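All remarks here apply to the structure that follows.
In this note's numbering, the protein residues as written are 334 to 781.
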């Protein structure tokens with residue numbers, strides 16, 4: 334068995350692996366083709382945190398692994414894919430794609446984010462490393478902690494980067510619950526076969542076996558499609574919680590790629606991850622000394638994750654009816670549909686109804702959490718007609734919600750955009766400046 338970067342594990346001989354099944358590539362769930370709509374969503378809005386100086390000044394601050402950001406409950410594959418998209422990152426180095434890998438955001442404190450990855454992804458002390466997020470923004474690694482003390486220790490590492498953008502934290506699970514036969518999902522950024530851009534891959538699989546001991550801690554075995562570059566990426570369970578860090582895959586030989594001439598491994602489809610419980614154990618054993626990343630991490634117990642988050646309402650992309658719907662749920666659990674996604678007009682550009690539901694829902698959630706979802710109006714964004722947010726009546730577009738077709742009349746489009754606007758009894762306060770409507774959505778959020 335080789336590491337996902339093609340190197341041999343630097344440990345005692347790995348156990349003999351079964352090389353009997355072949356993986357068939359699964360089409361990527363989420364495409365990230367560039368568009369004016371997405372560029373605006375990247376650049377206009379971000380959560381502004383107070384600056385944290387723990388790394389720069391040595392101040393002693395405990396960084397919390399926010400395990401309860403997503404309530405633990407059975408989720409659809411689409412919901413887990415959305416979570417994976419927001420929390421999985423690329424880990425790159427100064428050599429380019431060589432030995433690059435993936436990681437997952439597991440903690441944040443102020444504007445400092447902590448990423449968990451495989452140690453062999455950042456093993457070289459001679460290289461500089463950077464993190465690239467789903468917003469296609471790059472951040473220099475400001476601190477790296479390589480957890481193994483010898484070649485028999487688990488193959489894990491922690492990286493920190495600093496950003497004022499809002500990035501969610503992946504919830505921690507319990508790998509002991511990932512039993513043989515249970516469903517899992519692997520997320521990561523494989524190296525490109527052709528071209529120079531890495532794209533997120535989200536693949537499904539099942540736990541195939543669990544080992545009592547294994548070289549470098551790779552005790553969680555599963556069948557799934559993976560490729561080089563996905564090493565260090567998260568393995569999610571059916572509840573959307575991280576239960577392992579992917580890092581190895583069985584191979585039966587090599588072949589020269591017809592695309593780039595590089596030597597590629599022929600993989601069987603059987604892989605291995607380090608159970609997240611091994612990382613939990615490191616946390617529990619580590620003494621608080623204030624000099625490394627691990628000492629300043631704390632995580633909630635698994636039992637806490639089973640308590641639903643009843644104190645906060647929010648927007649979710651609901652696919653339970655078969656049609657993607659942006660839904661607002663209030664703190665008491667009442668759910669109201671806001672936007673139904675049925676048009677395939679932008680599908681040829683990679684923005685099918687599900688993708689649009691996921692992206693627009695996330696924007697609304699960001700605006701709502703940042704107290705920036707006040708009025709909704711229409712206007713021009715990047716020379717395109719759009720439905721957008723604004724802080725006041727007569728104010729300009731400040732945050733993109735949805736890009737309109739060039740042939741659409743903005744005002745009628747807005748009047749039918751929200752599901753609850755179609756019911757005249759449910760229309761909130763609507764102010765007009767000339768011919769431009771301004772809908773006070775604060776009333777809607779407070780009402781529900």
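Idealized CB from N, CA, C, for every residue including glycine. Quick caveat, the model's predicted, so the values are computed rather than measured.
Listed in chain order, the beta strand (DSSP E) runs fully inside the stretch 479–536 are 489–495, 516–521, counting runs of at least 3 residues. With respect to the 8 Å criterion, residue 524 and residue 562 are classified as neighbours on the basis of their beta carbons. Rounded to the nearest whole angstrom, the C-alpha separation of residue 462 and residue 446 is 15 Å. If you check the CB distance, residue 652 and residue 533 do not come in under 8 Å. DSSP places residue 700 inside the alpha helix (DSSP H), whose first and last residues are 686–702. Residue burial annotation: residue 597 is buried, with at least 16 other C-beta atoms found within 10 angstroms of its C-beta. The count of Cβ pairs closer than 8 Å, one atom from the stretch 471–484 and one from the stretch 570–586, stays below three, leaving the stretches out of contact. Burial state of residue 727 is exposed, judged by a 10 Å Cβ sphere holding fewer than 16 other Cβ atoms. Sorting 615, 774, 577 by C-alpha distance to the C-alpha of residue 671 places 774 at the top. According to the DSSP assignment, residue 570 belongs to the beta strand (DSSP E) that extends over 567–570. Nearest C-alpha to residue 516 among 738, 420, 648, 413: 413. Remark: C-beta atoms of residue 693 and residue 626 do not approach each other more closely than 8 Å. Secondary structure of residue 579 (DSSP, three-state): strand. Within the same chain, 523 come within 6 Å of residue 560 by CB-CB distance, once the 5 residues on both sides are set aside. The alpha-carbon of residue 440 is positioned some 43 Å away from that of residue 745.
The beta carbon of residue 518 sits closer than 6 Å to those of 413, 537, 569, all from its chain and outside the five residues before and after it, given in chain order.
Residue 506 sits away from residue 554, with the two beta carbons spaced by 8 Å or more. The secondary-structure analysis by DSSP pairs residue 446 across a beta bridge with 441, 494. Under the 10 Å beta carbon count, residue 600 is surrounded by 16 or more other beta carbons and is classified as buried. Under DSSP, residue 451 takes part in a beta bridge, and its partners are 489. DSSP places residue 675 outside both helix and strand once states are collapsed to three, so it counts as coil. Nearest Cα to residue 707 within the set 778, 753, 491, 715: 778.
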